[in-house]
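J.:
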Amino acid sequence: MSDPILSVEGVVKRFAGVTAVDGAGLSVGAGEIVGLIGPNGSGKSTMVNMVTGEMPADSGTFRFDGRDITALPAWRRARLGMARSFQMLRLFGSLSVEDNLLLARHISMKRSMWESVLGARPAREEEEAVRARARELLGWFDLAPFADRKVTALSIGQQRMVELARGVIADPRLFVLDEPAAGLSPPNVDRLIALIRRMRDEFGISILLVEHDMRVVRDLCDRVVVLDSGTKIAEGPPAAVTQDPVVVEAYIGRGWKRRAQA
Ligand SMILES: Nc1ncnc2c1ncn2[C@@H]1O[C@H](COP(=O)(O)OP(=O)(O)OP(=O)(O)O)[C@@H](O)[C@H]1O
Ligand SMILES: [Mg+2]
Numbered sequence: 001m002s003d004p005i006l007s008v009e010g011v012v013k014r015f016a017g018v019t020a021v022d023g024a025g026l027s028v029g030a031g032e033i034v035g036l037i038g039p040n041g042s043g044k045s046t047m048v049n050m051v052t053g054e055m056p057a058d059s060g061t062f063r064f065d066g067r068d069i070t071a072l073p074a075w076r077r078a079r080l081g082m083a084r085s086f087q088m089l090r091l092f093g094s095l096s097v098e099d100n101l102l103l104a105r106h107i108s109m110k111r112s113m114w115e116s117v118l119g120a121r122p123a124r125e126e127e128e129a130v131r132a133r134a135r136e137l138l139g140w141f142d143l144a145p146f147a148d149r150k151v152t153a154l155s156i157g158q159q160r161m162v163e164l165a166r167g168v169i170a171d172p173r174l175f176v177l178d179e180p181a182a183g184l185s186p187p188n189v190d191r192l193i194a195l196i197r198r199m200r201d202e203f204g205i206s207i208l209l210v211e212h213d214m215r216v217v218r219d220l221c222d223r224v225v226v227l228d229s230g231t232k233i234a235e236g237p238p239a240a241v242t243q244d245p246v247v248v249e250a251y252i253g254r255g256w257k258r259r260a261q262a
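Here UniProt numbering is used: the first residue of the sequence shown is 1, the next is one more, and so on.
#1: State yes or no: is the beta carbon of R76 nearer than 8 Å to at least one beta carbon in chain B?
#2: Return yes when at least one heavy atom of ligand 4 lies under 7 Å from the C-beta of K13, else no.
#3: Does the stretch 33-40 touch the stretch 227-241, meaning 3 or more C-beta pairs lie closer than 8 Å?
#4: Fully enclosed by the stretch 27-64, which alpha helix (DSSP H) runs are 4 residues long or longer?
#5: Nearest-angstrom Cα distance between A104 and P4?
#6: List the whole-angstrom C-beta distance separating V51 from V8, where the pair is believed to meet the contact cut-off of C-beta under 8 Å.
#7: For a test of the three-state rule: what should DSSP assign to Q261, helix, strand or coil?
#8: Taking just the CA atoms, how far does D228 sit from E249?
#9: Assign I207 to one of three DSSP states: helix, strand, or coil.
#10: Let's test the definition: count the other Cβ atoms within 10 Å of the Cβ of N40 and tell me whether it reaches 16, buried, or not, exposed.
#11: Going straight from the alpha carbon of N100 to that of R166, what length do you get?
#12: In or out: T152 buried (at least 16 other Cβ within 10 Å) or exposed?
#13: Exposed or buried, which one is I252 when buried takes at least 16 other CB atoms within 10 Å?
#14: For I196, is the classification buried or exposed, using 16 other Cβ atoms within 10 angstroms of its Cβ as the cut-off for buried?
#15: By DSSP's criteria, S155 is part of a beta bridge. Which residues make up the other side?
#16: Note down, in chain order, each residue of its chain lying with its Cβ closer than 7 Å to the Cβ of V130, except the 5 sequence neighbours on either side.
#17: Looking only at C-alpha atoms, which of G157, I156 and L138 sits nearest to D148?
#18: Nearest by alpha-carbon distance to M82: which of D58, S94, G60 and E54 is it?
#19: Say whether the stretch 167-177 touches the stretch 198-205, bearing in mind that this needs 3 or more beta-carbon pairs closer than 8 Å, one atom from each stretch.
#20: Tell me the DSSP secondary structure of A24 in three-state form.
#21: Going by the DSSP bridge assignment, what does A234 pair with across the sheet?
#22: Indicate the three-state DSSP secondary structure (helix, strand or coil) for V248 in the structure shown.
#23: Report the residue from G230, L26 and S185 whose alpha carbon sits nearest the alpha carbon of R215.
#24: Nearest by alpha-carbon distance to A20: which of M47, A30, G31 and S27 is it?
#25: Got a sec: does ligand 2 put a non-hydrogen atom nearer than 7 Å to the Cβ of S85?
#26: Rounded to whole angstroms, what is the Cα-Cα separation between A182 and R124?
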């Protein structure tokens with residue numbers, strides 16, 4: 001197998017009184033969809049926040065695309081090709097759907113907004129290309145009719161699609177998704193599964209995904225990593241991992257059945 005696009009080792013994160021991540025590691029191969037699962041409070045969001053650089057780790061090594069990114073802040077990791085979505089949506093609610101995409105692209109582009117505004121000719125051409133790409137992606141995510149609407153006027157399901165489109169417009173190599181299926185109706189979960197698979201197949205984006213919905217995990221993930229109290233307790237194909245007695249044990253009494261069937 002070629003080198004992984006993401007490889008994380010020996011990560012520790014302590015908050016006052018709690019060791020949220022306790023020496024765990026994980027990797028994502030090029031073109032792979034990896035699920036990060038575990039009971040509530042097992043350290044999943046903390047782990048992905050450290051992967052994307054939103055939160056510093058107390059210790060551990062982070063490598064992305066063959067390069068040590070441990071010391072790099074979130075915006076530099078984003079420029080290297082990491083996108084993310086949040087467990088709680090973080091869109092610009094008062095902007096239109098299309099403007100949310102344009103803004104995301106501007107933030108990720110090497111050329112600054114100023115250069116675009118001042119209108120050097122290549123910048124204006126780039127601007128047009130970005131706008132065309134935004135429209136194409138809105139079509140791709142079934143959002144074209146909503147391009148000019150404010151984000152807050154959309155349903156939660158549509159807002160989640162905007163989050164995905166906003167990540168994809170930055171042309172990431174790795175997309176980190178924290179509970180993308182949360183709050184979605186079953187038909188929208190089906191659409192989400194199909195779209196994430198297409199993001200990988202058509203755009204070649206590797207995916208690290210935190211998810212409680214076991215249908216998403218089973219249908220989508222090539223491999224699953226299980227955290228419990230900040231430690232990796234299992235890793236492997238979803239069918240095997242979700243039947244592993246150690247994993248089932250970790251979830252018992254912590255809402256596994258309730259959430260898995262939800
Ligand atoms: N900013 C913080 N300050 C203090 N403690 C925190 C902070 N963030 C997380 N924790 C604690 O760290 C542990 C891991 O939390 P984390 O949010 O990473 O879990 P999770 O696996 O994402 O859970 P969930 O499935 O509920 O989203 C929990 O005990 C949590 O209370
Ligand atoms: Mg979480």
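Yeah, the Cβ is synthetic: ideal placement off N, Cα and C, and Gly gets one too.
T.: Looking at the atomic coordinates:
#1: Protein chains in the displayed structure number just one, and chain B is not present.
#2: Only ligand 1 and ligand 2 can be found as ligands here, which leaves ligand 4 out of the picture.
#3: yes
#4: 44-52
#5: 26 Å
#6: 6 Å
#7: Low confidence applies to Q261: its pLDDT is 45, below 50, so where it sits in the model is not reliable, and the reading given next is rough at best. If DSSP states are grouped into helix, strand and coil, Q261 belongs with the helices.
#8: 10 Å
#9: strand
#10: exposed
#11: 7 Å
#12: exposed
#13: exposed
#14: buried
#15: S155 pairs with nothing; no bridge assigned.
#16: L102 and R105
#17: L138
#18: E54
#19: yes
#20: strand
#21: V226
#22: helix
#23: S185
#24: M47
#25: no
#26: 38 Å
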